Amino acid sequence: MRTSTTLHDGWTVRPTAGPVPADLASRAVPATVPGSAHTDLLAAGLIPDPYLDENEAALAWTHDTTWRYQRELDAPSSPAERADLVFEGLDTLATITLDGAELGRTANMHRTYRFDVTDRLVGRHELAVTFSPALAYAAEEERRLGERPHAFAHPFTMVRKMACSFGWDWGPDLQTAGMWRPVRLERWSTARLAAARPVVDLAEDGEGIVRVHVEVERAASGSGMPLTVEVRLGTGQSAQARLAPGEDHAVVEVRVPAAPVWWPAGYGDQPLVDLEVDLRAEELLDTARHRIGFRHVAVVTEPDKHGTSFVLTVNGRPVEVKGANWIPDDHFLTRMDTARYRTRIEQAQAANINLLRVWGGGVYESDEFYALCDELGMLAWQDFLLACAAYPEEEPLLGEFTAEARENVARLAPHPSLVVWCGGNENLWSRVDYWEDKLHGRTWGERYYTEIFPEAVAELSPATAYIAGSPYSPGAALDEIHPNDPDHGTMHIWDVWNEKDYTGYGAYVPRFCAEFGFQGPPSWTTLHRAVHDEVMSPTSPGVLVHQKAGEGQDKLARGWAGHFPEPRTFADWHWTTQLNQARAVAFGIEHFRSYWPRNTGSIVWQLNDCWPVTSWAAIDYDGHLKPLWYALRAAYAERMLTVQPRVGRSALAVVNGTDAPWSGRARLSRERFDGTVVWEGEIEVDVAPRSTAVLDLPPAATVPDQAAGEVLALELDGIRGWHFFAEDVDLAYDPAPLEVRAESHPDGARIHVSARSLARDVTVLADRLAPGAVADVALVTLRAGEQLSVEVRAGSPVAVDGVDLAEVVRCANDLAHAGSEGERVADVVVADVVVAGGAAS
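Quick note: the sequence shown uses the numbering used here, first residue 1, plus one each step.
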């Protein structure tokens, strides 16, 4: 029977070459595996935290440093015929030696490496892995192969290392090195399962089909032996195949009548079935286990009157994609564990997100990530790892791309949540718009998108869809239809953030928007944990280090201009930019959803952060929910009312994302901010399941008497919508509309809010009460006279006496206050503060 021993203990790491500070030169420190040189030096207290202040620049010397990991390997004699050293992930330019003899060299962090050490293991040995600088290797390859256009400063296209390791417009430039995935010693005899890859599909009649593709590796003594492969399912079915002497491949098929059907969340249940594969000679030699789900997926791209559709179907049903882009949740990848993955995916699901796109500048995500997506019904789209650059097709890169694609497609094939493989990010678009005069006839990656990747998916995971890239126009040559044409396939919208204000989203009706977004800073607590500028401002040094987008602070200011007044304090700047981010993304999503089924989904950029930074994320690095998260939850809700422009008029879009019809009389009320009703009316609503209806509004609803002081309120079955007739900067808000009462309770606090006048986007910034605290609602608009109780969960009582609630409870109104800094009009009146010793009332 194959045995496996992890080799994670007893390692040390030391720098052996490069511009190493004198106090660190050749100094060995204990190493954690999986891990990296950065995290090991941090644990030893030898380098400052690069996520804080301006420390990132102080560690630039690590880009050019060579690191040596070593440990003793005690390998007692064993009757096993074969011993393999297995490295699941080496980042990136590694030389592996045993007692000084070289076992091999690697140049790809996205692959697994296996070394036969059967004849070398007798007694005690020294195992060493030396990592040379990836940047130097990439620069040398660029000189050899010729420069290719790419985003940002470093030639990341020349080495198979996580692209954003070299820095991105939301991430640090730290260029890690180390053993980032597990290391083990395997012993086996006769034969082992080199692969046991299930391909799972669901027939139209409901029969489940499992084909397990088995590959075996034989030891010398096993070459003449017959072998048996048995596949067993948790549903009770099983099947066997015989491998004659010398044979090493088999396909075992199992059929399951009336199979339990896996659905994405919101469309059905997520039953998972255990699958076990045994390899036997006379005795059990090896076992592989998977959890599978029966589902059928497709991406339908068909010509229609609008252009070319892009419809994701699961089990024959169109799915409205309410997605978010996923980047590595930590630049130091080994800090990510199952618990953290679960938290992020559950946070995404709580925001009504049903698909995560794993972006092509990061990594092929872990088995834990995909297992959680399977369990929770979160759809996943995995990019091949090419982003914003032209990639050479010459060796050794051609071979590396081929090997990593085949390994990772095969590894992830069993997961029902993985529904789309995508050739890469923005490379087809860039080829047309930006590279024509820069390639000089050199290769740029076309073969990967049109041959290598689709062939790997078709062979190894045929039950998963493949698209050539994003954005892309299906079925068209690059010179026929622009890859980013809104009428065909997927689109990315970045001119709005880079050049315009967010109302620019209204100019587009994409068939499917796979990227768009607006920036905002992290939570107040996260920002102040990471930055300690003597005087904090949008342009103070530490704040600027944590803004990686080109002209990012200027774009933030342009984004709120015309919507909000100029902030007077840093706290107002922080709230303005966070609120504007939430408004921008919600504006885009509501606009797109109003065009279903012409538009079939959107994937906002982005869900998460890899360090504490001003970015497009809805959840900051410390896990705090930004206002954007609450905006996503509302804009992606199953049912929604939104007023949308149509030619020459305003219309009511009624979005019904459920399996039941939505019928009733929607109440309309045009009212003043003081609560006076100017006009009332009703509209008959009857919307089929999974549909959107666009209904004309009566003129009296959309023509105010005083645009600056009125709002149109919409309500149906407790679901509300609001339509304002002017931008916030022009609205006659009461700048201090709220009275607030706070009380502590055993799990946190409760904030009671009463509105004297209309209060827009009332939000409790929970982290300003306690780090890690979460408010159950945010961005709530209240009429005059309405009340709201906000639950703040912190896991323990939160003291509220003495808290400046004016900084905790914010709304859009308080940005309209008059006066200069130090004379701020109170936007929150503290009626009373109750610290409850027991359960809060």
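The beta-carbon is built from N, C-alpha and C at its ideal position, and this holds for glycine as well.
All values derive from a computational prediction rather than experimental measurement.
Checklist line | Secondary structure of G104, DSSP reduced to three states | finding: Here G104 sits in strand by DSSP.
Checklist line | Where S820 falls, given that 16 or more other Cβ within 10 Å makes a residue buried | finding: The predicted position of S820 is uncertain, since its pLDDT is 36 and thus under 50; a value taken from the coordinates is nonetheless stated next. It is exposed - the Cβ of S820 has fewer than 16 other Cβ atoms within 10 Å.
Check: Exposed or buried, which one is K305 when buried takes at least 16 other CB atoms within 10 Å?
Finding: Its Cβ having fewer than 16 others within 10 Å, K305 is exposed.
Item checked: Whole-angstrom C-beta distance between E276 and R232, which should lie under 8 Å -> 5 Å between Cβ atoms; contact.
Margin query: Taking 6 Å as the limit between beta carbons, can you name the residues of its chain near G423, skipping five residues before and five after?
Written below: Cβ neighbours of G423 beyond the five flanking positions: F384, Y449, F453, A468 and G469.
Margin query: Strictly by DSSP, which residues pair up with S223?
Written below: Paired residue(s): none; S223 is not in a bridge.
Next item on the list: Under 8 Å by Cβ, that's how I've got A241 and G208 pegged, so tell me the actual separation to the nearest angstrom.
Entry: Actually they do not touch by this definition, with Cβ atoms about 19 Å apart.
Notebook entry, point to check: If you follow the alpha helix (DSSP H) that N408 is part of, which residue opens it and which one closes it?
Noted result: Following the DSSP letters along the chain, one finds N408 inside the alpha helix (DSSP H) bounded by residues L397 to L412.
Note to self: Comparing C-alpha positions only, which one of A637, D686, P704 and G657 sits nearest to S669?
What the structure shows: Cα-wise, what sits closest to S669 is P704.
Check: How many Å lie between R143 and V545 at the Cα?
Finding: For R143 and V545, the gap between their C-alpha atoms comes out near 31 Å.
Check: Which word fits E365, buried or exposed, when buried means at least 16 other C-beta atoms lie within 10 angstroms of its C-beta?
Finding: Buried, since its Cβ has 16 or more Cβ neighbours within 10 Å.
Check: Hey, how far is the Cα of P698 from the Cα of R335?
Finding: Whole-angstrom Cα-Cα distance: 56 Å.
Check: Taking Cβ positions, are V740 and V762 nearer each other than 7 Å?
Finding: No, they are not a contact pair.
Margin query: So the candidates are W326, P79 and A128; which of them puts its Cα closest to the Cα of N608?
Written below: That would be W326, whose Cα lies nearest to the Cα of N608.
Note to self: Given this structure, state the Cα-to-Cα distance separating E215 from L397, to the nearest angstrom.
What the structure shows: Across the structure, E215 and L397 are spaced so that their CA atoms are roughly 26 Å apart.
Check: Once you ignore the five residues that flank E638 on each side, which residues in its own chain have a CB closer than 8 Å to its CB?
Finding: So the qualifying residues of the chain are G266, N352, N656, G657 and T658.
Check: Is the number of C-beta pairs between the region 56-64 and the region 6-20 that are closer than 8 Å three or more?
Finding: Judged by Cβ distances under 8 Å, the region 56-64 makes contact with the region 6-20, as three or more pairs qualify.
Margin query: My parser needs the alpha helix (DSSP H) runs of 4 or more residues fully inside the region 16-90; what are they?
Written below: DSSP runs (the alpha helix (DSSP H)) wholly in the region 16-90: 37-43 and 55-58.
Next item on the list: Please list, in chain order, all residues of the same chain as W435 whose beta carbon is under 7 Å from its beta carbon, the five residues on each side excluded.
Entry: Sequence-distant partners of W435 (beyond 5 residues in either direction) whose C-beta falls short of 7 Å from its own C-beta, in its chain, are P149, A390 and W444.
Notebook entry, point to check: Near P661, what residues of its chain come up, given a Cβ to Cβ distance below 8 Å and the 5 sequence neighbours on each side ignored?
Noted result: For P661, where only same-chain residues beyond five positions count, the Cβ hits under 8 Å are D686, V687, A688 and P689.
Next item on the list: Go through its chain and collect everything with a Cβ distance to T402's Cβ below 7 Å, but skip five positions before and after it.
Entry: Here T402 has I452 as same chain residues with Cβ atoms under 7 Å from its own Cβ, once five neighbours each way along the sequence are excluded.
Next item on the list: Have a look at T577 and M536 and give me their C-alpha separation to the nearest angstrom.
Entry: Their backbone Cα atoms lie some 15 Å apart in a straight line.
Margin query: Which residue wins for smallest C-alpha separation from S238, given the options V229, A244, G246 and P245?
Written below: Restricting attention to V229, A244, G246 and P245, the CA atom closest to the CA of S238 is found in V229.
Notebook entry, point to check: From G441 to E141, what does the alpha carbon distance come to, in whole angstroms?
Noted result: The C-alpha of E141 is placed about 17 Å away from the C-alpha of G441.
Checklist line | T676 burial status per 10 Å Cβ neighbour count (16 or more: buried) | finding: The residue is exposed, with fewer than 16 neighbouring Cβ atoms inside 10 Å.
Notebook entry, point to check: What is the DSSP secondary structure of M162, counted as helix, strand or coil?
Noted result: If DSSP states are grouped into helix, strand and coil, M162 belongs with coil.
Check: If you run the structure through DSSP and keep just helix, strand and coil, what is F587?
Finding: Secondary structure of F587 (DSSP, three-state): helix.
Checklist line | Proximal residues to K626 (C-beta, below 8 Å), its chain only, five neighbours per side dropped | finding: Same-chain partners within the cutoff: G520, P522, S523, Q578, Q581, A582, A617, A618, I619 and D620.
Notebook entry, point to check: Which residues mark the beginning and the end of the beta strand (DSSP E) in which T6 is found?
Noted result: Start and end: T3 to T6.
Note to self: Measuring only the C-alpha atoms, how far is R124 from R114?
What the structure shows: Approximately 20 Å, taken between the alpha carbons.
Notebook entry, point to check: Touch check for the region 51-60 and the region 186-203: three-plus C-beta pairs under 8 Å?
Noted result: No, they do not touch.
Check: Should the region 795-809 be regarded as contacting the region 715-725, the criterion being three or more beta carbon pairs within less than 8 Å?
Finding: Between the region 795-809 and the region 715-725, the count of C-beta pairs closer than 8 Å stays below three; the two stretches do not touch.
Note to self: Classify V273: buried if its beta carbon has 16 or more other beta carbons within 10 angstroms, exposed otherwise.
What the structure shows: Looking at its Cβ environment, which holds 16 or more other Cβ atoms inside 10 Å, V273 is buried.
Item checked: R295 versus V774, A463, A732 and R411, residue with shortest Cα-Cα distance -> Residue A463 is the option with its Cα nearest to R295.
Item checked: C-beta contact flag for C811 and A759 at 7 Å -> In this structure, A759 lies closer than 7 Å to C811 by Cβ.
Note to self: For E534 and S26, what's the separation of their Cα atoms in angstroms?
What the structure shows: Going by the C-alpha atoms only, they are around 36 Å apart.
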